[in-house]
Amino acid sequence: MTEQSEKQCGIVSALAKAKLEMPQPKLNKTADFTTKKGYRIRYKYADLGSIIEASEKPLCAHGIVLTQTTRRDEGKLIMVTTLRHSDGGYIESEYPVNPTTEDPQAYGSALTYARRYQMACVLGLAAEEDDDGHRGSTPHQQSNDATTPQKKQEPQSMTLSDSQIATINNDLRVAGIDKDRFWTWATKSCAVDLPQQIAEVNYMRLLQKITALEEQQKEAK
């Protein structure tokens with residue numbers, strides 16, 4: 317969910333100028349693993365440091381600072397990313413943090429994941445390779461050689477969580493976008509039958525699509 321202050325003109329103008337000077341982050345990392353369902357996932361992405369390096373100077377040059385904090389909502393951890401402008405205006409976005417276990421290491425990984433995806437989303441940066449949602453759509457062919465070591469399965473949930481789907485549905489409602497039509501497009505784009513089967517790596521792409529559709533509706537008016 318994204319929220320804006322009443323003083324939007326200043327920050328929107330400053331952000332537009334910063335974007336002109338902001339390079340896309342370097343895709344300096346590679347994810348390569350097999351899910352529990354046997355799907356091979358491999359793609360390049362920009363880590364948190366790469367996104368900060370690409371965005372920090374242009375933002376500061378135009379009076380914008382990006383902050384990330386957390387809060388609790390009914391026991392669930394929420395990452396709050398805020399763009400604050402020197403005139404007092406701000407743009408705020410929230411993202412649910414979903415650690416796979418309750419240990420500190422899992423929380424640390426989930427927080428880093430949330431920070432990276434939220435920064436890319438609010439700044440409109442391409443933080444990973446875009447294959448139009450087909451990543452992981454083909455089952456990985458396992459070797460018949462029993463001695464071949466298998467790649468360790470990714471511990472993080474690889475499909476959209478209930479809270480992520482709820483966030484998308486809420487944003488669709490706020491934007492006035494037909495929910496059924498949107499999910500028909502999303503599932504077809506990701507080559508699955510149900511929203512719950514969509515890979516989690518597509519979450520930010522779906523939120524960005526909603527923002528784009530909302531802007532198109534405003535321009536049409």
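Heads up: take any position in the sequence shown, counting from 1, add 316, and you land on the working numbering.
C-beta: ideal position from N, C-alpha, C; glycine also.
Exposed or buried, residue 432, counting other C-beta atoms within 10 Å across all chains shown (16 or more means buried)? buried
Pairs of beta-carbons, one from the stretch 347 to 367 and one from the stretch 412 to 427, closer than 8 Å: are there three or more? no
According to DSSP, simplified to helix, strand and coil, what is residue 407? Looking at residue 407 - three-state DSSP - the assignment turns out to be strand.
Straight-line CA distance for residue 374 to residue 504? 37 Å
Identified DSSP bridge partners for residue 401: 380
Have a look at residue 393 and residue 338 and give me their C-alpha separation to the nearest angstrom. 30 Å
Nearest-angstrom Cα distance between residue 498 and residue 441? 22 Å
To the nearest angstrom, report how far apart residue 334 and residue 377 are at their CA atoms. 7 Å
Residue 521 versus residue 342: straight-line alpha-carbon distance, rounded: 18 Å
Going along the chain, which residues of its own chain have a beta-carbon closer than 6 Å to the beta-carbon of residue 366, five neighbours each way excluded? In its chain, beyond the 5 residues on either side, 341, 342, 344 have a beta carbon closer than 6 Å to the beta carbon of residue 366.
With H, G and I counted as helix, E and B as strand and the rest as coil, what does DSSP make of residue 328? helix
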